[in-house]
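Residue numbers 29 to 358, in the numbering used here, belong to the letters of the sequence shown in order.
Ideal placement from N, C-alpha and C gives every residue a C-beta, glycine not left out.
Here the structure is a predicted model, which means the values were calculated and not measured.
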Amino acid sequence: MTRVHLITGFLGVGKTTAILDLLQQSPENEKWAVLVNEFGEVGVDGAILEASGAVVREVPGGCLCCVSGLPFQMGLNMLLAKEKPDVLLIEPTGLGHPRKVLTTLRSDDYRELLTAGANLCLIDPRHLKDPRYTDNDTYNDQITLADVLIANKTDLCSPDDLAAFDALVASAKPAKAASARTVQGQVDVGLLALPANPDRLQLKDRGHHHHHSKEASAPVALSQGEELRRLESHGEGHFSCGWLITGEWVFSLDALRHWFDQLESGENKVVRAKALIRTEQGHFVLNWRDGVLSEMPTRPLEESRLELITETAPVADVLESSLMKCRSEE
29 MTRVHLITGF
39 LGVGKTTAIL
49 DLLQQSPENE
59 KWAVLVNEFG
69 EVGVDGAILE
79 ASGAVVREVP
89 GGCLCCVSGL
99 PFQMGLNMLL
109 AKEKPDVLLI
119 EPTGLGHPRK
129 VLTTLRSDDY
139 RELLTAGANL
149 CLIDPRHLKD
159 PRYTDNDTYN
169 DQITLADVLI
179 ANKTDLCSPD
189 DLAAFDALVA
199 SAKPAKAASA
209 RTVQGQVDVG
219 LLALPANPDR
229 LQLKDRGHHH
239 HHSKEASAPV
249 ALSQGEELRR
259 LESHGEGHFS
269 CGWLITGEWV
279 FSLDALRHWF
289 DQLESGENKV
299 VRAKALIRTE
309 QGHFVLNWRD
319 GVLSEMPTRP
329 LEESRLELIT
339 ETAPVADVLE
349 SSLMKCRSEE
């Protein structure tokens, strides 16, 4: 039997970083795998996890809750059959409701294959007084269905922010199995050993009435001889714009830093940006959220990938033109 856990949280809260940390803590005698879903179609999170050596299966281009039929089950079935993991971590897109995913995982189809483990939800406490989050059904559903709530980025939080998180935990019904505060997505792997409460699925569904431009598709890659491909989609009130870039192209890290700095002040209303990219200083994972860019070295890449999530339709040609100016002259 494979023990399965959902790792949820809204856009940019640090889910992928937390999964990387959990994987590093996995017992040597167990095989762990990740099923990752992204709102966009470029597959940056999956590539980041694969670059760390993780066993990964992707379901890109839609949210798992919408595609918890054939695409999701095909990805899940193939991963279980091929890898036979002891533990499976599922990372839904930050824009996706987890309810239908949990319902699928606990259906008769998987009764003999999966056992439910604790589900974790990461929260940035700074968002708990922001109606853009607290009035969002997806955000609330992620919190409601979690067995464990984790306050991430607490080094950036005020005492009032942390008090709001503590109040949220205290008011949860049924009570959460545990809560924790952390920074940089550092999560104690022992939290996964806590019990899952199936009664959470019986709580009121706040509704799920969004539409995507298309259902989830197969992971994408450049074809032979192709150097650049742009992919766009929209749904859940957001847009994605991403690029697959040949690994032969080298970018200036300083120019990319400046490019990311311009996202907050630009007309595209970017809420999230991620890249796995080759620079003249090496290969890097670049993460941008709330005007803050973080960088992490990674292993050499066959392709570079970059993706933006915006609240309005992006001016893709302008973004692409400015991005291409970041290529290194070396």
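Item, Value
"Name the DSSP bridge partner or partners of Pro-55?", "According to DSSP, which records beta bridges pairwise, Pro-55 is partnered with nothing at all."
"How long is the line joining the alpha carbons of Gln-214 and Met-102, rounded to whole angstroms?", "31 Å"
"What whole-angstrom Cβ distance do Val-84 and Val-64 have, given they're in contact under 8 Å?", "6 Å"
"Quick check: what's the CA-CA separation for Lys-128 versus Ser-356?", "45 Å"
"What distance in whole Å lies between the Cβ atoms of Arg-154 and Asp-194, which are believed to be in contact at a cut-off of 8 Å?", "14 Å between Cβ atoms; not a contact."
"Drop a sphere of 10 angstroms on the beta-carbon of Glu-335, count the other beta-carbons inside from all chains shown, and report buried for 16 or more, exposed for fewer.", "buried"
"Tell whether a beta-carbon distance below 8 Å holds between Leu-304 and Ala-146.", "no"
"Where does Val-95 land, buried or exposed, given buried means 16+ other C-beta within 10 angstroms?", "Reliability fails at Val-95, whose pLDDT of 45 lies under 50, so the model's placement of it is uncertain and no value is given."
"Tell me, please, which residues DSSP counts as bridged to Ile-178.", "Leu-150, Ala-208"
"According to DSSP, is Glu-111 helix, strand or coil?", "helix"
"Return the residue from the list Glu-119, Phe-288, Asn-180 that minimises the CA-CA distance to Leu-156.", "Asn-180"
"I'd like to know if the segment 164-179 and the segment 105-117 are in contact, where contact means that at least 3 CB-CB pairs between them fall below 8 Å.", "no"
"Taking contact to mean at least 3 C-beta pairs separated by less than 8 Å, is the segment 168-185 in contact with the segment 259-269?", "no"
"Under three-state DSSP, which class holds Gly-263?", "strand"
"In this structure, how does DSSP classify Ala-221 when only helix, strand and coil are distinguished?", "helix"
"Within a Cβ cutoff of 6 Å, which residues of the same chain sit near Thr-338, ignoring the five residues on either side of it in sequence?", "Phe-267, Asn-296, Lys-297, Val-298"
"Just grab the DSSP bridge partners of Thr-338 for me.", "Phe-267, Val-298"
"I'd like to check one pair, Gly-37 with Leu-130: are the Cβ atoms closer than 8 Å?", "no"
"How would you write the range of the alpha helix (DSSP H) that Pro-159 sits in, first residue to last?", "159-162"
"Taking 7 Å as the cut-off, does the CB of Leu-219 come closer than this to any heavy atom belonging to the ligand HEM?", "For the structure depicted, the ligand HEM is absent and the ligand set is empty, with no information on it obtainable."
"Just to confirm, is the Cβ distance from Asp-158 to His-125 under 8 Å?", "no"
"Could you tell me which residues DSSP pairs with Thr-36 in its beta bridges?", "Cys-149"
"Less than 8 Å between CB atoms is the rule here; does Glu-292 satisfy it with respect to chain D?", "The structure shown contains no chain D; it holds only a single protein chain."
"Could you tell me whether the Cβ atoms of Leu-142 and Met-29 are closer together than 8 Å?", "yes"
"With DSSP run on the structure shown, which of helix, strand or coil describes Pro-325?", "strand"
"Would you kindly check if the distance between the Cβ of Leu-173 and the Cβ of Arg-228 is under 8 Å?", "yes"
"Which residues share a DSSP beta bridge with His-311?", "Arg-306"
"Between which two residues does the alpha helix (DSSP H) holding Ala-75 run?", "72-79"
"Please name the residue in Lys-201, Arg-209, Thr-132 whose C-alpha comes closest to that of Asp-152.", "Arg-209"
"According to DSSP, which residues form a beta bridge with Asn-65?", "Val-87"
"If we count the other Cβ atoms within 10 Å of its Cβ and call it buried at 16 or more, is Lys-201 buried or exposed?", "exposed"
"Determine which residues share a DSSP beta bridge with Val-41 and list them.", "Val-41 pairs with nothing; no bridge assigned."
"When you compare the CB positions of Ala-198 and Asp-175, do they come within less than 8 Å of one another, or not?", "no"
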